[in-house]
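Q: 11 is the number that UniProt numbering gives to position 11 of the sequence shown; each next residue is one higher, with no gaps.
All C-beta atoms, glycine included, are put in the ideal place defined by N, C-alpha and C.
On a predicted model such as this, the values are computed, not experimentally measured, just so you know.
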Amino acid sequence: GRESFGYRIAVAASSAESGARALEMATAAAPPSTGAPQLVFIFAGQGSQAPHMGQGLYLHEPRYRAHVDRLCAALAPLLGFDLREAIYPTAEAEAAEGFRAAFDAP
């Protein structure tokens with residue numbers, strides 16, 4: 001797992017300069033973290049995902065797996081399929097014609 005540090009910060013920025021300013025402002029006012037770390041999902045946007053991304057975490061980190069399972073169960077009725085079939089496909093499913101087209105964004 002990830003090591004716990006006394007300080008953590010996250011900022012959203014549209015440029016390196018605005019990111020640097022946001023970090024400077026945030027670090028000046030940020031108190032040290034005293035609570036237990038929480039699980040966070042990061043979605044970087046279109047094009048950066050790949051089949052099996054995060055599968056190591058899914059297989060070896062029970063808390064991560066529990067959250068993914070809960071989210072996939074909630075989404076299944078809306079999607080009409082289990083999202084784990086897309087993010088952690090079997091070799092046969094991944095090799096099937098049309099697999100990538102079914103899950104890639106237009």
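Under the assumption that Ala-13 contacts Ala-22 (Cβ atoms under 8 Å), give the Cβ distance between them as a whole number of angstroms.
A: Contact holds; Cβ gap of about 5 Å.
Q: Suppose you measure from the CA of Arg-70 to the CA of Ser-18; what does that come to, to the nearest Å?
A: Rounded to the nearest angstrom, the two C-alpha atoms are 36 Å apart.
Q: Which residue wins for smallest C-alpha separation from Arg-84, given the options Cys-72, Gly-98, His-67 and Ala-93?
A: The residue with the shortest Cα to Cα distance from Arg-84 is Cys-72.
Q: How many whole angstroms separate the CB atoms of Asp-82 and Ala-91, which I take to be in contact at a CB cut-off of 8 Å?
A: About 17 Å; that fails the 8 Å criterion.
Q: What's the gap between the Cα of Ala-96 and the Cα of Ala-20?
A: If I take the Cα positions, the gap works out to 45 Å.
Q: Could you check what DSSP says for Pro-51 in three-state terms: helix, strand or coil?
A: Pro-51: coil per DSSP, three-state reduction.
Q: Leaving aside the five residues before and after Glu-3 along the sequence, list all residues of the same chain whose C-beta is less than 6 Å from its C-beta, in chain order.
A: Same-chain partners within the cutoff: there are none.
Q: What does the alpha-carbon distance come out to for the pair Gly-80 and Glu-24?
A: Distance between the alpha carbons of Gly-80 and Glu-24 is about 45 Å.
Q: Pick helix, strand or coil for Asp-82, following the three-state DSSP scheme.
A: Correct three-state label for Asp-82: coil.
Q: Helix, strand or coil for Arg-8, going by three-state DSSP, please let me know.
A: Coil, per DSSP.
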